[in-house]
Amino acid sequence: MNITNVETTLVDVPLKQRTITDSQSSVDSVEFVQVRIDTDAGITGWGFNWNYTKGLRAVKVTLDDVYAPAILGKDPLQRRELMRAMHSTNHFIGRVGVARVGLSAMNLALWDIQLRLEDQPLWRHLGPAKTKVKAYNTDGGWLTWSTAELIDDMHRIIQRGFDAVKMKLGLPDPREDFARVKAVRKAIGEDIRLMVDVNTVWDLATATVWGRRLEEFDISWLEEPMHPFDVKAHAELAHSLDLPIAVGETIYSLHDFRNYIESRAVDIVQADVTKLSGIDEWLDVAALARAYGLPVIPHTNV
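Residue numbers for the sequence shown follow the working numbering, so the first one is 73 and each next one is one higher.
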């Protein structure tokens, strides 16, 4: 079986709800890049990636002009080899960000071909260790919502059966963040797990001061407190806080996760298939975390 054609498409999907905002982005639609890989066996694989803000046209160009030519005519089941071939093309254009987003979409499409050939879903192919997994809801807590709206949203999520919720932090004045967390914790009680997500906008001094203050609210984890490339700052923060540090949404490679883990800069690994180069690298990161006894709580479902 060989790859005969690679096509890409951009799709912009408006949100049904009102604009949502975190500390980095204001979102009224989600942009997707779709990848279609055809084979001479009549099997077609589909992959995708997404972005809250615009910019996936750059990913589409990378897919069309750089990655697609590297895999045309090749066996799609030789997935690791094809990924290495595509990796080798981005040495000069960059190995993270736009380049990585395209690799992930390609990897998902290659996996789709194999799973269609096997006629089974990914979870069955991987052989799950559990029949149930715990879930939390992150579809709330946006910074544009008032404290009253935030609390109402948390109550709606809990009424749907969730016992764990997450809210956004990163307002210009951390005292406002603190007041919102205090109000939410009081409203939802002590039995509901509460996580907070800064989306990388704090510096070390801010994260240290306000991380310590947040500990009184029994926070399950502090997510993405600082710039994701600053491993040293995360290590210092993790050492100074009792609050678990979660990172992964904007970490782009196995090597970067290794640096975080070996530096003891992370307590909860949030590896993201769409930010890494796909499912294979995600599995590599999960295996690495498991070797160090760290929990993996994926960012982004595929």
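Every residue gets a Cβ at the ideal spot worked out from N, C-alpha and C, and that includes glycine.
Treat the numbers as computed from the prediction; the structure is a model and nothing was measured.
Beta-carbon spacing of residue i, residue j below 7 Å
i    : j    : result
N121 : T346 : yes
S349 : N179 : yes
P367 : I323 : no
A130 : V170 : yes
W112 : N74  : Before going further, note that residue 112 is Asp rather than Trp in the sequence given. Contact flag set, yes.
V303 : L326 : no
M155 : Y139 : no
S292 : R330 : no
Among the options, the one whose alpha carbon lies nearest that of residue i
i    : options                   : result
R336 : D352, N179, S312 and L348 : S312
I185 : D245, T219, I115 and A236 : I115
T93  : W274, L243 and E295       : L243
V99  : S218, L87 and R108        : L87
V253 : L222, G233 and V102       : L222
Q231 : W214, Y208 and S218       : Y208
V338 : E321, G212 and Q106       : E321
K258 : T278, M226 and V319       : M226
A255 : L144, A363 and S218       : S218
G145 : N77, P200 and Y364        : N77
Helix, strand or coil at residue i [DSSP, three-state]
i    : result
D110 : strand
V338 : coil
A318 : strand
T134 : helix
K238 : strand
V83  : strand
R228 : helix
T125 : coil
I323 : coil
Cβ-Cβ separation, residue j to residue i (assumed contact under 8 Å), whole Å
i    : j    : result
V270 : E295 : 7 Å
L182 : I109 : 7 Å
V268 : M239 : 6 Å
Practice problem: Would you list, in sequence order, the uninterrupted alpha helix (DSSP H) runs of no fewer than 4 residues that lie entirely inside the stretch 134-216? | Solution: 140-143, 151-161, 170-190 and 194-198, all fully within the stretch 134-216.
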